[in-house]
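Per mature numbering (1 follows the signal peptide of the UniProt record, and there is no 0), the sequence shown runs over residues -17 to -1, 1 to 74. See structure below.
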Amino acid sequence: MRFLPVTLGLAVGLAAAACTSTPAGRSASTTSTTGTGPAIGMANPASVNCAQRGGKLQIVTTPAGQTGLCTFPSGRQCEEWALMRGECTPG
């Protein structure tokens, strides 16, 4: 008769142990991120290109939306993405 309570106790103990979320000997967080997507706060590459070429970026709002204008010391202005694509030169 002693066999039944011991077996029942072991079964309940194993069932409770099986319900834990983290296996023994392992940390809860094993997920690693590689950073393949764009990071939050990442700079606009066309805006960075403007600054690297010595220009000053200005965001202009028009009825069509917003655009970035890169103004150079010579007074020449280029739309920031046109500058990035090589369609406009700093002059």
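In this text, a Cβ means the ideal position worked out from N, Cα and C, and glycines have one as well.
Residue 33 by DSSP, collapsed to three states: which one? helix
At which residues does the alpha helix (DSSP H) containing residue 62 begin and terminate? Residue 62 -> not in any alpha helix (DSSP H); beta strand (DSSP E) instead, spanning 60 to 62.
Can you tell me which of 45, 43, 40 and 36 puts its alpha carbon nearest to the alpha carbon of residue 69? 36
Can you look up residue 44 in the DSSP assignment and give me helix, strand or coil? strand
Considering only DSSP beta bridges, list what residue 50 is partnered with. 43
DSSP-derived helix/strand/coil call for residue -16: coil
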